[in-house]
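Trainee:
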Amino acid sequence: MKRLALLLVTSAFLTFTDAVVRADVKLPAIFGDHMVLQRDTVVPVWGTASPGEEVTVSLAGQTASAKAGADGKWSVKLTKLSAAGPHTLTVKGKNTVTLSDVLVGEVWLGSGQSNMAMTVNRAKDFAQEQGTAKFPQVRMFTEASGGAGSAQSEGKGKWVVCAPESVGSFSATAYFFGREIHKALGVPVGLINSSVGGTPIESWIAPGAQTAAPELKGFFESARNAKKAVDPTQAKAKFDADLAKWQEAAKKAKADGKPAPKRPQDPVALAERKGNVGGLFNGKISALIPYAIRGALWYQGEANSAPEKAQFYEAQLKLLVSDWRKLWGYEFPFAWVQLPNFGGAGRDWPLVREAMLKTLALPKTGMAITIDIGEEKDIHPKNKQDVGRRLAVWALGSVYGQKVATSGPLPAGHQVRGSEIVLSFKHTDGGLTAKGGELKGFVIAGADQQWKPATARIEGDKVIVTSADVKQPTAARYAWENWPTCNLFNGAGLPASPFRTDDWK
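Mind the numbering: the sequence shown is residues 22 to 526 in the working numbering, read in order.
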């Protein structure tokens, strides 16, 4: 009996260990039915299997093989695929994984905070948009993982085909961008949405890249000081007290047939959702690398518009772009949405907009200017159609070589000429124009740094500003407010970016 029992235990142990060693071939979540792969480039395919296991990947007449390493990881590269489909992708090891309805076309990653996360069913004209959303070659993958303390290799999510019944859950900005690209190019478009509302840019950059950046030393010192000033015990006690009051107020509001007041936020849960420094990169970006993409779109900045944070945004945005490119292994095109006009107090949106303008110094970058389509009392403007369209014209002109206006007017230097300042612009396609009347939005100052409203006129690709109150001007600004009154456009109907010629504090 003892020998039989020993044999049974040994057999069970060997079966268990064999199952562990002989792991099934597995792909990350980003590889799935209905996915879109990037055309005309090297396409990595990777996953896990038993250590030493031979894995073969087949797609569209191509076959590539690799052996899993000691850690069980394997990867292959498919060579330049042409836009087409649907295909079947087959991965064979000791088991077989088959993915169906795979298309090859253009793939773009969209990331950021709530305005990128904002879905089509919350954008304007949803009923109309839903009825016309019949684009089976447009697909979206929404990364559903949360933040993480270390870089993850596996995410969560699935590819969804665009249809009237599914489009409501798509990122609106990414969808309206992708729809324009699909219509213009006539190829499949895959959109990856990895975004979380209310999150700062530091959550989305690899932690090591941030701590190694000397230009962010002041940012981390400021963050440490702010953290020291908060007593976690007191914060928890305050939240519990606020929650109890809210529960009573909500109960009374319900009894009175009135809407409940806003629920207080748990500071611990809020910190977890924001991912702290690098947490969302670890959980929601790392798992996507090195999936082949054409480029990336970024819509964020609201959470970094507090005065103590805004001063670091230029360094952070440049680092995000350069580090993501480094980790993917190539200099892919990268564009962002400049913050729109908004009437919220206690924020320095002009400085964040300027950081975005200055980051255009990086190669292969672009910016959708949205200073005319914000909402004064809503930080989530509903017109995401024009946001997507402006990102799309940048991509069509700068990435795909079509002859279209890629940007609104951007500052291109200035000159003081007596009592006037002459402002030069690029991207004046079709000529500068004042939309809706006389030119507005300019102020001018002398060495005393006292800003006065300026009279402005257009001369070719230049704007001449002057003020009777400033005899010897030294600087000018345009649309330098959270909610400015401004109307400088180019002939293509795109608005000019806010800017300043000074660097005064």
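Note that CB positions come from ideal geometry on N, CA and C, so glycine has one too. Owing to the predicted nature of the structure, the values given are computational and were not obtained by experimental measurement.
1. How many Å lie between R411 and F197 at the Cα?
2. In the DSSP assignment, find the beta strand (DSSP E) that holds Y436 and state where it starts and stops.
3. Checking 8 angstroms against the spacing of the C-beta atoms, do A85 and E175 come in under that value?
4. Go ahead and pull the three-state DSSP assignment for E164.
5. Tell me whether F525 is buried or exposed, calling it buried when 16 or more other Cβ atoms sit within 10 Å of its Cβ.
6. Check whether the segment 131 to 144 and the segment 181 to 195 touch, using three or more Cβ-Cβ pairs below 8 angstroms as the test.
7. Measure the alpha-carbon distance for K379 versus P282 and round it to whole angstroms.
8. Shortest alpha-carbon distance to L348 belongs to which of K473, W501, P311 and S488?
9. Note the first and the last residue of the continuous beta strand (DSSP E) segment covering Q83.
10. When you compare only the Cα positions, how much space is there between A234 and A477?
11. Starting from I51, follow its DSSP beta bridges and name the residues at the other end.
12. Which residues mark the beginning and the end of the beta strand (DSSP E) in which Q59 is found?
13. Which value, in whole angstroms, describes the spacing of the CA atoms of V486 and R438?
14. Would you report the Cα separation of L383 and L318, rounded to the nearest angstrom?
15. What does DSSP give as the partner residue(s) for V159 in the beta ladder?
16. Suppose contacts are defined by Cβ-Cβ distances below 8 angstroms. Is A70 in contact with V46 by that definition?
17. Check whether the Cβ atoms of V443 and I465 sit closer than 8 angstroms, and answer yes or no.
18. Quick check on D344: buried or exposed, where buried means 16 or more other Cβ atoms within 10 Å of its Cβ?
19. Comparing C-alpha positions only, which one of T506, A244, F355 and I202 sits nearest to Q423?
20. If we call anything under 8 angstroms between Cβ atoms a contact, is S488 one with A475?
21. Let me confirm a value: V42 is counted as buried when at least 16 other C-beta atoms fall within 10 Å, else exposed. Which label applies?
22. My output table needs one value for M377: the three-state DSSP class, helix, strand or coil.
23. Compute the distance between the beta-carbons of Y421 and V373, then report whether it is under 8 angstroms.
24. To the nearest angstrom, how far is it from the Cα of V125 to the Cα of G458?
25. Let me check understanding here. Comparing Cα to Cα, which of K94, A44, V181 and A262 lies closest to A160?
26. Please give the ranges of any alpha helix (DSSP H) in the segment 236 to 299, keeping only runs that are unbroken, at least 4 residues long and fully inside the region.
27. Under the assumption that L110 contacts L102 (Cβ atoms under 8 angstroms), give the Cβ distance between them as a whole number of angstroms.
28. Suppose you measure from the CA of L58 to the CA of D287; what does that come to, to the nearest Å?
29. Could you check whether the segment 356 to 367 touches the segment 496 to 509, counting it as contact only if at least three pairs of C-beta atoms, one from each stretch, sit closer than 8 angstroms?
30. I think P516 touches I390, with their Cβ atoms under 8 angstroms apart; what is that distance to the nearest whole Å?
31. Excluding the 5 residues preceding and the 5 following F446 in the sequence, name in chain order all residues of the same chain whose CB lies nearer than 6 angstroms to its CB.
32. To the nearest whole angstrom, what separates the beta carbons of L80 and H108, a pair I think is in contact under 8 angstroms?
33. Excluding five sequence neighbours on each side, which residues of the same chain lie with their C-beta closer than 6 angstroms to the C-beta of G418?
34. Would you check if the distance between the CB atom of A144 and the CB atom of K456 is smaller than 8 angstroms?
35. Applying the 10 Å Cβ sphere with the 16-neighbour rule, what's the burial state of R200?
Mentor: Walking through what the data contain:
1. 10 angstroms
2. The question names Tyr, yet the displayed sequence has Gln at residue 436. In this chain, the beta strand (DSSP E) harbouring Q436 covers L431 to R438.
3. no
4. coil
5. The sequence shown places Trp at residue 525, rather than the Phe named in the question. Exposed, by the Cβ-count rule.
6. yes
7. 41 angstroms
8. Nearest in C-alpha terms to L348, of all of K473, W501, P311 and S488, is P311.
9. Q83 to K88
10. 41 angstroms
11. DSSP output for I51 lists no bridge partner at all.
12. Start and end: V57 to Q59.
13. 10 angstroms
14. 15 angstroms
15. V210
16. yes
17. no
18. Buried.
19. It is I202 whose Cα lies nearest to the Cα of Q423.
20. yes
21. Summary for V42: the model assigns pLDDT 47, below 50, so the residue's position carries little reliability; its value from the coordinates is reported in the next sentence. Exposed, since its Cβ has fewer than 16 Cβ neighbours within 10 Å.
22. M377 carries a helical assignment under DSSP once its states are collapsed to helix, strand and coil.
23. no
24. Cα to Cα, the separation comes out at about 47 angstroms.
25. Just to set this straight, residue 160 is Arg in the shown sequence, not Ala. Selected option, being the one with the closest Cα: V181.
26. 238 to 249, 253 to 276 and 288 to 295
27. So it is not a contact: roughly 11 angstroms between Cβ atoms.
28. 40 angstroms
29. yes
30. 5 angstroms
31. P430, A433 and D482
32. Contact holds; Cβ gap of about 6 angstroms.
33. V425 and T427
34. No.
35. buried
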